[in-house]
Structures are given as C-alpha cells and as structure tokens.
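Chemist: My questions all concern the structure below.
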Amino acid sequence: MFGMLKPILKNWFGKPATRMYPFEKREAFENARGQLEIDIDNCIFCGICQRKCPSTCLNVDKANAKWELDPYNCVICGVCVEACPKKCLHLNKNFRTAAYVKEPQASIGKPPVVKKPAAPEAQA
9 MFGMLKPILK NWFGKPATRM YPFEKREAFE NARGQLEIDI DNCIFCGICQ RKCPSTCLNV
69 DKANAKWELD PYNCVICGVC VEACPKKCLH LNKNFRTAAY VKEPQASIGK PPVVKKPAAP
129 EAQA
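Position one of the sequence shown corresponds to residue 9 (the numbering used here), numbered consecutively onward.
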C-alpha cells in the first residue's frame, strides 16, 4: 500500500506531464521540418516540384498560375524544396494544427511572362 503512495502524491501535487494542446503549443526543435511554404511571387510554375514529390501532394497549373498543396498527403521530406530552381519553396518550423476538414492549400500568382525571341530582320 505504501508503495503506491509516492506516485499518488506525485500526481496530486506535481505538475502535469502533458500539455493542454492546442492552447499550449510545444516549441519547435532546432532542425524541425514543419509546413511547406511557397513564395508565390517568385514561382515560375515550372512543375519540377510536382514531378519530384514522392507523395504526389503538389499540383502545379502553369496556365492558371495556380500552385496547390495537399498538406495531409505531404510527408515533409523536403525533396521539392531541394528541386525548386527558383528556391521559392521552404519548410518552416510550425507544425500543422488539427483540422475538421481536409482541404488543399491553393496559392494563385501571376502567370510567368514568356519572352519570345525577336523575329530576324528581313534584308531588303
């Protein structure tokens, strides 16, 4: 009986072993990989991130300048971040919070301007 008295008193008078999530959030670790973010203004909508993604959670529509992420399929591996030629993708340290509805995150930017080569001048 006295063997159980110590844990009982510790639980009654000690501080709790858990946090009141989502009210109290844990600090991120130094090298933590949280959520994928895009700088949509620098994106050229090349689609390399979509092709390199192992979990196929990215959808890039160059015609409509739309970049879409399904955060619930993303495994936060960072392959798309390394593959991006413009370095507009990065992983922050924030963890995704709980959600009631699984909706993809869409970012819409300006379509990239395609520079056409100048026509050669006709010789007269």
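For each residue, glycine too, the CB sits at the ideal point set by N, CA and C.
How many angstroms separate the CA atom of residue 93 from the CA atom of residue 15?
Modeler: Roughly 56 Å separates the two Cα atoms.
Chemist: Indicate the three-state DSSP secondary structure (helix, strand or coil) for residue 87 in the structure shown.
Modeler: In the structure shown, residue 87 sits in a helix (DSSP, three-state: H, G or I).
Chemist: Among the residues of its own chain, which have a CB less than 8 Å from the CB of residue 45, if the five just before and after it don't count?
Modeler: Same-chain partners within the cutoff: 97, 98, 99, 100.
Chemist: Where residue 125 and residue 119 are concerned, what is the direct C-alpha to C-alpha distance, given to the nearest angstrom?
Modeler: Each residue's alpha carbon lies about 18 Å from the other.
Chemist: Can you tell me which of the three DSSP states residue 113 falls into?
Modeler: Residue 113 falls in the strand class under three-state DSSP.
Chemist: Is residue 88 near residue 60, with beta carbons less than 7 Å apart?
Modeler: Against a cut-off of 7 Å, the Cβ pair of residue 60 and residue 88 comes out as a contact.
Chemist: By how many angstroms is the C-alpha of residue 29 removed from the C-alpha of residue 12?
Modeler: Roughly 29 Å separates the two Cα atoms.
Chemist: Throw me the rounded Cβ distance for the residue 79 and residue 131 pair, which I believe falls under 8 Å.
Modeler: In fact, because the Cβ distance is near 58 Å, the residues do not count as touching under 8 Å.
Chemist: In terms of alpha-carbon separation, which member of 102, 115, 52, 108 lies closest to residue 40?
Modeler: Closest option to residue 40, Cα to Cα, is 102.
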